[in-house]
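Visitor:
Here it is in structure tokens:
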């Protein structure tokens, strides 16, 4: 079994759906980090069989909307002095702006780049889709 | 409930009470049109038509002229600075210093909303791609209210191109907000009412929808038959067009089964989807509808401009 030391001070992004760790790693631009970062993939999980984990030995700003959009099941643990001082759940965001584009080829936001639509969550159950504030077309997210 | 300074981009921008305010004023304008002949004196309507439109543009121009105001603008993007690559945001920021109210038609969906985000004067959506056409909706609702006496408890059938027909999308989503209206969608499979709009309506209003490919099947059950044009180029192949085109043409023969007080409506222009022999039928309401469009736009603009509409004695 692979052993990775716990971190003293920083952030642990846990319970990431297996396969999504790399995407989150990329979106948080952790490859450019100057502090220790560990990406673990396919770690065994009692609940889900396997999961991904990211350990960051530093306090960084996290875009919770973006994380919720990629994987609403993940949890965020803030660590100080070897202890979890805050545990956060993310959720599917109700409103998203600037993270993906409207899929409607006739939407003005695909022509005028300063037009950044607000997307409102259209369905909580089943398929997750967002309604564009400009054209009302539904877009399945993919970032 | 004050419409002064408000934009109209989507029919949902106005409450049903605010619609009533527009219709009540439009009713007065129908009755005493000349009395309102100078309420917009000194006001300028800017018409930004990025794609050709004769009817909507002239209806707006006529409405403003009948209120005593004046009109400026362009009716072809190729003759304006837009052809030099000017953005909507820049165009509207200049235009709103020239005009007191602006109507915009644009082929891209959401363009009038984008304009409204940068405009200091009210912006009216005069049709954006296949999306919305709220002043046609005002016209349609005013027509229904005047000729049927109510906007509730109606069975409304929409026939033809329900996929790309923005007038249909706007009217359905607005009628769904009134009480107990039922909808019948008559179209070929290729031109069905968009799923995403249907889902939104079902989610918000829990409305009753029946879909069919046959006009004859349902014509005897409806209070309003809203016809739209089917364009040949919308079909994937010529064979389907030939097979289906006659199914969506209303003739006097088909009207035999319809209720005697049914209304036949159409946003115009028509091509061949309503036979000319229907025009004399008492149920044909489409020319009345076009006429009422002027009054709907007059009332809307007067309220958005906040001019004094308490015309003496009326």
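Chains as they are written, first to last, in the working numbering: chain A, 14 to 156; chain B, 54 to 367. C-beta: ideal position from N, C-alpha, C; glycine also. What you are looking at is a predicted structure, and each value in this text was computed from that prediction instead of being measured.
For residue 322 of chain B, count neighbouring C-beta atoms within 10 Å of its own C-beta (all shown protein chains included) and say buried if the count is 16 or more, exposed if not.
Guide: Burial call: exposed.
Visitor: Do the CB positions of residue 40 of chain A and residue 101 of chain A come within less than 8 Å of each other?
Guide: Contact flag unset, no.
Visitor: One question on the structure: do residue 17 of chain A and residue 50 of chain A come within less than 8 Å of each other, judged by their Cβ atoms?
Guide: In this structure, residue 50 of chain A does not lie closer than 8 Å to residue 17 of chain A by Cβ.
Visitor: Can you check which of these residues, B:352, B:360 and B:357, is closest to residue 85 of chain B by C-alpha distance?
Guide: If we check each option's Cα against that of residue 85 of chain B, B:352 comes out closest.
Visitor: In its own chain, which residues sit with a C-beta less than 8 Å from the C-beta of residue 62 of chain A, not counting the 5 before and 5 after it?
Guide: Same-chain partners within the cutoff: 31.
Visitor: Counting only beta-carbon separations shorter than 8 Å, does residue 104 of chain B have a partner in chain A?
Guide: Chain A, which has no Cβ nearer than 8 Å to the Cβ of residue 104 of chain B, makes this no.
Visitor: By the DSSP assignment, the alpha helix (DSSP H) with residue 112 of chain B in it spans what residues?
Guide: Residue 112 of chain B -> alpha helix (DSSP H) spans 108-119.
Visitor: In chain order, which continuous runs of the alpha helix (DSSP H) of length 4 or greater are located wholly inside the region 282-340 of chain B?
Guide: Fully enclosed alpha helix (DSSP H) runs of 4 or longer: 291-297 and 305-308.
Visitor: Should the region 202-210 of chain B be called in touch with the region 271-281 of chain B, which here means at least 3 C-beta pairs below 8 Å?
Guide: Taking 8 Å as the limit for Cβ pairs, the verdict is that the region 271-281 of chain B does touch the region 202-210 of chain B.
Visitor: The region 141-156 of chain A: which residues have C-beta closer than 9 Å to a C-beta of chain B, in chain order?
Guide: Of all residues in the region 141-156 of chain A, 142, 144, 145, 146, 147, 148, 149, 150 and 151 have a Cβ within less than 9 Å of some Cβ in chain B.
Visitor: Put residue 102 of chain B into one of helix, strand or coil per three-state DSSP.
Guide: Here residue 102 of chain B sits in strand by DSSP.
Visitor: Of the choices B:361, B:357, B:99 and B:365, whose alpha-carbon is the least far from that of residue 57 of chain B?
Guide: Nearest of B:361, B:357, B:99 and B:365 to residue 57 of chain B, Cα basis: B:357.
Visitor: Are residue 67 of chain A and residue 23 of chain A close, meaning C-beta to C-beta below 8 Å?
Guide: No. Outside cutoff.
Visitor: Under 7 Å between beta-carbons, which chain A residues line up against residue 182 of chain B? List them in chain order, please.
Guide: What residue 182 of chain B touches in chain A: 119.
Visitor: Closer than 8 Å, CB to CB, is residue 91 of chain B near chain A or not?
Guide: Judged by the 8 Å Cβ criterion, residue 91 of chain B is not in contact with chain A.
Visitor: Three-state secondary structure (DSSP) at residue 238 of chain B?
Guide: Reduced to three states, the DSSP call for residue 238 of chain B is strand.
Visitor: Per DSSP, what are the beta-bridge partners of residue 38 of chain A in this structure?
Guide: The partner list for residue 38 of chain A (beta bridge, DSSP) is empty, contrary to what the question assumes.
Visitor: For residue 333 of chain B, count neighbouring C-beta atoms within 10 Å of its own C-beta (all shown protein chains included) and say buried if the count is 16 or more, exposed if not.
Guide: Classification for residue 333 of chain B: exposed.
Visitor: For residue 27 of chain A, which residues of its own chain have a beta-carbon under 8 Å away from its beta-carbon, when the five flanking residues on both sides are left out?
Guide: Same-chain partners within the cutoff: 64, 66, 87, 88, 89 and 90.
Visitor: Residue 283 of chain B and residue 301 of chain B - do their beta-carbons sit closer together than 8 Å?
Guide: Closer than 8 Å, so yes.
Visitor: Alpha carbon to alpha carbon, how far is residue 42 of chain A from residue 74 of chain A? Give it in angstroms, no decimals.
Guide: In a straight line, the C-alpha of residue 74 of chain A is about 12 Å away from that of residue 42 of chain A.
Visitor: Is residue 346 of chain B near residue 112 of chain B, with beta carbons less than 8 Å apart?
Guide: It is a contact, given that the beta carbons lie within the stated cut-off.
Visitor: Classify residue 107 of chain B: buried if its beta carbon has 16 or more other beta carbons within 10 angstroms, exposed otherwise.
Guide: Residue 107 of chain B comes out exposed.
Visitor: Indicate whether at least one CB of chain A lies closer than 8 Å to the CB of residue 154 of chain B.
Guide: No - not a single Cβ of chain A is within 8 Å of the one on residue 154 of chain B.
Visitor: State the start and end residues of the unbroken beta strand (DSSP E) segment that holds residue 279 of chain B.
Guide: Note, residue 279 of chain B: beta strand (DSSP E), 277-280.
Visitor: Identify the residues that DSSP records as bridge partners of residue 263 of chain B: which are they?
Guide: Residue 263 of chain B is bridged to B:237.
Visitor: Report the residue from B:126, B:161, B:182 and B:264 whose alpha carbon sits nearest the alpha carbon of residue 155 of chain B.
Guide: Of the candidates B:126, B:161, B:182 and B:264, the one whose C-alpha sits nearest the C-alpha of residue 155 of chain B is B:126.
Visitor: For residue 63 of chain B versus residue 185 of chain B, is the C-beta spacing smaller than 8 Å?
Guide: Yes.
Visitor: For residue 166 of chain B, is the classification buried or exposed, using 16 other Cβ atoms within 10 angstroms of its Cβ as the cut-off for buried?
Guide: So residue 166 of chain B counts as buried.
Visitor: Between the region 238-265 of chain B and chain A, which residues of the former have CB atoms less than 9 Å from a CB of the latter, in chain order?
Guide: So the close ones are 247, 248, 249, 250, 252, 253 and 256.
Visitor: Going along chain B, which residues have a C-beta under 9 Å from residue 57 of chain A?
Guide: Correct list: empty, because the minimum Cβ distance to chain B is about 40 Å.
Visitor: State the beta-bridge partners of residue 99 of chain A as determined by DSSP.
Guide: Answer is A:91, bridged to residue 99 of chain A.
Visitor: I'd like to know whether the C-beta atoms of residue 348 of chain B and residue 79 of chain B end up nearer to each other than 8 Å.
Guide: Closer than 8 Å, so yes.
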